[in-house]
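Student: Mind having a look at this structure? Questions to follow.
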Amino acid sequence: MSVGGLVACGVIIAFGLVGCIIQLYPGSLVILATMGVWAFIEGVAAGWIAFALAAVVTAGATIAKFLIPARRMRSRGVSTTTLLIGAAAGAVGFFVLPIIGLPIGFLLGVYAREIMVHPHAEAVERTKIAVRGVGLSIAIEFAAGLIAAITWLIAALIIHV
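Counting in our numbering, the sequence shown tops out at residue 169, every number present.
Written out as C-alpha cells, the structure is:
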C-alpha cells in the first residue's frame with residue numbers, strides 16, 4: 009500500500025475513534041472495516057493477524073459495553089425502562105438540537121422517568137448512575153478502538169519499515 013493509502017487508513021481510523029466517543033456513528037465498526045480493507049490490500053500475514061486481533065477485541069468490547077454498565081445500573085436500581093426512555097428522549101433531542109441534543113435529551117428523559125417514580129434526590133442519584141453507566145460504555149468502546157488502532161499502527165510499521 010502506498011504512503012497515501014496508509015495516511016488515508018490512519019485518518020479513517022482516527023475518525024472511527026471520534027465515533028467511539030461521540031456515539032453518532034459506529035466508530036468501532038469504522039475502525040474494523042478500515043483494518044479489514046487494509047489487510048486485504050496488504051495481503052500479508054501481519055495485516056490479517058492485526059485485523060483478527062482487532063476483531064476479537066472489538067467483539068469482546070461490544071459485549072462488555074452492554075453487559076458491564078447494565079449490570080451495574082440494575083444493581084443500583086436503574087431500570088431498563090428508564091434507559092429506553094432516556095435513549096428515546098436522546099434521539100428526539102438529537103433532531104431538536106443537533107449533536108448537543110442527544111446527551112441533553114438522554115439526561116432529561118432519564119430524570120423525567122425517575123422523578124415520576126422516586127423523590128427528587130433519589131431521581132437525581134439514579135440519573136447520575138445512568139450517566140456514569142453510559143460513560144463507562146463509551147470508555148469501553150473507546151479503549152477497544154484505541155487498542156485496534158494501535159494494533160494497526162504496529163502492524164503497518166512492521167510491514168513497511
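Don't be surprised by glycine CBs; every beta carbon is placed ideally from N, CA and C.
1) For A95, which option in I167, L37, G141 has the closest C-alpha, if you only look at C-alpha atoms?
2) Using the C-alpha atoms, what's the distance from A78 back to V139?
3) Here's the rule I'm using: 16 or more other beta-carbon atoms within 10 Å means buried, otherwise exposed. How should L165 be labelled?
4) Would you kindly report the start and end of the unbroken alpha helix (DSSP H) that includes L40?
5) Start and end of the alpha helix (DSSP H) containing H126?
6) How many whole angstroms separate the CB atoms of E149 and G13, which I take to be in contact at a CB cut-off of 8 Å?
7) Return yes when the Cβ of I21 is within less than 8 Å of the Cβ of A157, no when it is not.
8) Would L92 and A63 be called neighbours here (beta carbons separated by less than 8 Å)?
9) For V52 versus I167, is the C-beta distance shorter than 8 Å?
10) How many angstroms separate the CA atom of V19 from the CA atom of T42?
11) Grab me the residues of K73's own chain with a C-beta within less than 6 Å of its C-beta, minus the 5 sequence neighbours each way, in chain order.
12) Is M9 helix, strand or coil when you go by DSSP?
Tutor: So, from the data block:
1) G141
2) 11 Å
3) exposed
4) 35–50
5) It is not in any alpha helix (DSSP H) - H126 carries neither H nor E in the DSSP assignment.
6) In fact, because the Cβ distance is near 26 Å, the residues do not count as touching under 8 Å.
7) Taking 8 Å as the Cβ cut-off, A157 and I21 qualify as a contacting pair.
8) Result no, Cβ atoms of L92 and A63 do not sit closer than 8 Å.
9) yes
10) 10 Å
11) S145, I148, E149
12) coil
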